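First up is the structure itself, then whatever we jot down about it.
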Amino acid sequence: MRLLYLNALWFLLLVPLLVLLYILKQRFQEKEVSSLYLWRQAVKDAEASTPFQKLRKNMLFFIQLLILLFLILALCQPFIPYSNNSYQNIIIVIDTSGSMSASMDNSTRIEEAKKRAEDMVRNLAGNSKVTLITAGKNTKVLINNSQSRQQILDTIKAIRCENSKGNINTSYSLVNSIAYQLKEYKVIYFSDRNVDLKDLNAQAINIGLNVSNVSLDYISYSMDNDKLDVMVRVKNHNSREVNQEICIYGEHKAIGLKDVKLRANQLKTVYFSKLPGGSKYIYAQLEKADGLEQDNRIYTVIRQSDTPKILLNTSGNMFIEKAINSIKNVDLYKTANSGAVKGKYDLYIFDNQFPRKLPEEGNIIIVNPSKSVGLFNVSTEYKGGNAIISSNRLTRYMDKTDIAVSKFKAVKTPYWANTLFKIHGEEAGFEGEYKGKKIMVLGFDFHNTNMPLTTNFPIFINNVINDMVKVESEGAKQYSCGDDIKLYPKSDAEHITVVDPGNKTHRINVKYAEENYRSTNKPGIYKIIQSASGKNISRLAAVNFPTSESSLAVGQSKDNIEKVQKVNGVGLNLRNYLIYAVLLLIMVEWFVYKRS
Numbered sequence: 001m002r003l004l005y006l007n008a009l010w011f012l013l014l015v016p017l018l019v020l021l022y023i024l025k026q027r028f029q030e031k032e033v034s035s036l037y038l039w040r041q042a043v044k045d046a047e048a049s050t051p052f053q054k055l056r057k058n059m060l061f062f063i064q065l066l067i068l069l070f071l072i073l074a075l076c077q078p079f080i081p082y083s084n085n086s087y088q089n090i091i092i093v094i095d096t097s098g099s100m101s102a103s104m105d106n107s108t109r110i111e112e113a114k115k116r117a118e119d120m121v122r123n124l125a126g127n128s129k130v131t132l133i134t135a136g137k138n139t140k141v142l143i144n145n146s147q148s149r150q151q152i153l154d155t156i157k158a159i160r161c162e163n164s165k166g167n168i169n170t171s172y173s174l175v176n177s178i179a180y181q182l183k184e185y186k187v188i189y190f191s192d193r194n195v196d197l198k199d200l201n202a203q204a205i206n207i208g209l210n211v212s213n214v215s216l217d218y219i220s221y222s223m224d225n226d227k228l229d230v231m232v233r234v235k236n237h238n239s240r241e242v243n244q245e246i247c248i249y250g251e252h253k254a255i256g257l258k259d260v261k262l263r264a265n266q267l268k269t270v271y272f273s274k275l276p277g278g279s280k281y282i283y284a285q286l287e288k289a290d291g292l293e294q295d296n297r298i299y300t301v302i303r304q305s306d307t308p309k310i311l312l313n314t315s316g317n318m319f320i321e322k323a324i325n326s327i328k329n330v331d332l333y334k335t336a337n338s339g340a341v342k343g344k345y346d347l348y349i350f351d352n353q354f355p356r357k358l359p360e361e362g363n364i365i366i367v368n369p370s371k372s373v374g375l376f377n378v379s380t381e382y383k384g385g386n387a388i389i390s391s392n393r394l395t396r397y398m399d400k401t402d403i404a405v406s407k408f409k410a411v412k413t414p415y416w417a418n419t420l421f422k423i424h425g426e427e428a429g430f431e432g433e434y435k436g437k438k439i440m441v442l443g444f445d446f447h448n449t450n451m452p453l454t455t456n457f458p459i460f461i462n463n464v465i466n467d468m469v470k471v472e473s474e475g476a477k478q479y480s481c482g483d484d485i486k487l488y489p490k491s492d493a494e495h496i497t498v499v500d501p502g503n504k505t506h507r508i509n510v511k512y513a514e515e516n517y518r519s520t521n522k523p524g525i526y527k528i529i530q531s532a533s534g535k536n537i538s539r540l541a542a543v544n545f546p547t548s549e550s551s552l553a554v555g556q557s558k559d560n561i562e563k564v565q566k567v568n569g570v571g572l573n574l575r576n577y578l579i580y581a582v583l584l585l586i587m588v589e590w591f592v593y594k595r596s
């Protein structure tokens, strides 16, 4: 026999306390009386109410002592091995993919899997070593080759469903590599999917019941005069017809509702027209509960501003065009017309071109101007050299860049602007704001420099474009649970804050931050806030439950639960029997007390 939890033996210190309590029981002074006849009944009543009695009357004390010892022994969980199929190494694999969140007998599949894994661990032989693995989006080893039952049980209790898509069979390579190093082992899978055991000495326990489920698989929208037209795709995963209600919410306010009848296994598209606009995000929700709550909502983010329009007026500068095309959420228009500019744009770039009249609206970039205007003066052409880069928000991260210029025109920096480049002491570029209009002028042609060939050229163009126009933060708007949200830190960003659907804030230091935010197991709206140049720039991202996990059909395994319990229950745990014995002793104690 082995004791699984030796720490419980510390409770044996209670035994001397029980004995001490008996020894220090109240004593009475002896008195002589004329007759004992009237005292005998009173003495019997007093002895019956005394916790401990001597000799023949000490039986209650010994019963109480046995109760205490049995309780301590039950805490130690004595284990008697009796099976010849006792495996020294047990590998437990628990599926944590999204479908394991489905309901099951007032619980969930993941909780049922954990409960069965805990029961199995409690019934293992004392010398068995356990490796615990979870298989969700990624396969993780939580415990490796441990004999600590408490550590294993605590780790199993802490396992949570990831709500991500996953395939239990992707864990094979890791499990096989671990098993290959062991002489004898047994692998036990807990999953609601079919498990391919291949050549492993393994068994699979199928978790779950076939429950009813309807899922929301897709949502999109279009804007028409500040009104929303919304399209939602809904699927019935049941073999019978169901009725559902789909409600559209604009943030937290209901803006649309429809009743939907779905045939068995039907995929249906539902349209909502002319819903109120003005929301930052919308979501569709199934109003009737079913077997999987997580796929009853689906979110999407509403674009908050029009895409900035940039006009590039050039005769063929591919460097600028390619650099701007690498920037997301801007529309680039190109022309070679040096005459009057038609149409309204947020930013005008004149490369070796000069209009007869500068635009009255929008910001302006002029590259290699041919003449002076009222805003600035241009001198004659000079022989080039190495450019000195001034410290500026537009030249951030360019301080170590070597820029060689073959020829340039000196452009005097106006009082309202800041110098960007100097060559041989002459100002060769500036930027500033004049009467609400942002203006940048460079006195050289990019073809006459090595600047486009440097790794920092795209950074410079990105800095300039983001400063000249309001670019909505980069990044996709919709993700699935478990996907990484790309942060896209700006060049002057100080830190990034992510607020999850539970309103929990995660502050990220940009200097040491990874490019992705990975804690996306919870469906809902995530807010990404970048603090840059004293301003907060925010964007929203919608994270939805993966549609691949909405099918709740339970896999069929060749090995049923009883067979698994038989093979892996390699011994007898006496805990429950000891508890039954304690209950029996309490009844005996009461009987002896009444008889006394």
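full-length UniProt numbering puts the sequence shown at residues 1 to 596. C-beta: ideal position from N, C-alpha, C; glycine also. The structure displayed is predicted, hence computed values, not measured ones.
Per-residue burial, residue i [other beta carbons within 10 Å of its own, 16 or more giving buried]
i    : result
R303 : exposed
K114 : buried
D295 : buried
M318 : exposed
A577 : The question names Ala, but residue 577 in the sequence shown is Tyr. Exposed, by the Cβ-count rule.
Y517 : buried
A202 : buried
L262 : buried
Q20  : Here residue 20 turns out to be Leu, not Gln, going by the sequence shown. Exposed, because fewer than 16 other Cβ atoms sit within 10 Å of the Cβ of L20.
N568 : Because N568 sits at a pLDDT of 45, beneath the cut-off of 50, its placement in the model cannot be relied upon, and the following sentence gives the value as read from the coordinates. Flag for N568 reads buried.
M587 : exposed
L257 : exposed
S391 : exposed
N313 : buried
K235 : buried
R595 : exposed
F271 : Checking the displayed sequence, the identity of residue 271 turns out to be Tyr instead of Phe. Burial call: exposed.
Close Cβ partners of residue i (< 6 Å) along its chain, the five nearest in sequence each way excluded
i    : result
R240 : A264
Y333 : L311
S531 : E494, H495
V469 : P308, D346, L347
Alpha-carbon spacing of residue i relative to residue j, whole angstroms
i    : j    : result
K490 : T419 : 22 Å
A553 : S101 : 13 Å
N238 : G278 : 36 Å
F444 : F354 : 14 Å
P276 : D224 : 10 Å
P369 : M231 : 50 Å
N123 : L585 : 26 Å
Y479 : D95  : 22 Å
A125 : Y189 : 19 Å
L3   : E245 : 56 Å
L574 : R507 : 50 Å
S551 : Q88  : 37 Å
K157 : L132 : 12 Å
V564 : L17  : Only weak support exists for where V564 lies, its pLDDT of 40 falling under 50; the coordinates are left without a value.
K322 : V367 : 16 Å
L68  : I152 : 28 Å
V373 : T547 : 60 Å
Neighbourhood of residue i by C-beta distance below 8 Å, restricted to the same chain and skipping five residues each side
i    : result
F430 : F376, V411, T413, P414, A417, N418, T419, L420, M440, V441
I72  : A8, L9, F11, L12, L14
Y221 : L228, D229, V230, M231, I282, T300, I302
K522 : N163, C481, D500, P501, G502, V543
N536 : I529, Q530
E251 : S279, K280, Y281, I282
I143 : V130, T131, L132, Q151, I152, T155
D331 : T307, P308, K309, I310
T108 : M100, S101, A102, C161
Nonlocal neighbours in the same chain, by C-beta distance under 7 Å from residue i, ignoring five residues either side
i    : result
E549 : S97, G98, S99, K165
E426 : Y382, A410
M104 : E112, G208, L209
I255 : I248, Y249, L275, P276
T269 : M231, R233
A179 : I91, Y185, V187, L200
Proximity test, Cβ basis, 9 Å: residue i and chain E
i    : result
Q203 : The displayed structure is made up of one protein chain only, and chain E is not part of it.
- Which ranges would you report for the beta strand (DSSP E) in the region 384-421 if only whole runs of at least 3 residues count? Runs of beta strand (DSSP E) with 3 or more residues, each lying fully within the region 384-421, are found at 404-411, listed in chain order.
- Task: Please determine if the region 448-466 and the region 388-396 are in contact, where contact requires at least 3 C-beta pairs separated by less than 8 Å.
- Result: yes
- Task: At 4 residues or longer, and completely inside the region 451-481: list those alpha helix (DSSP H) runs for me, N to C.
- Result: 457-468
- Item | beta strand (DSSP E) runs wholly inside the region 141-189, at least 3 long, in chain order | none
- Ignoring anything shorter than 3 residues or poking outside the region 256-335, list the beta strand (DSSP E) runs there in chain order. 267-276, 281-286, 297-301, 309-314, 331-335
- Jot down the residue ranges of each uninterrupted beta strand (DSSP E) in the region 67-129, minimum 3 residues, whole runs only, in chain order. 78-81, 89-95
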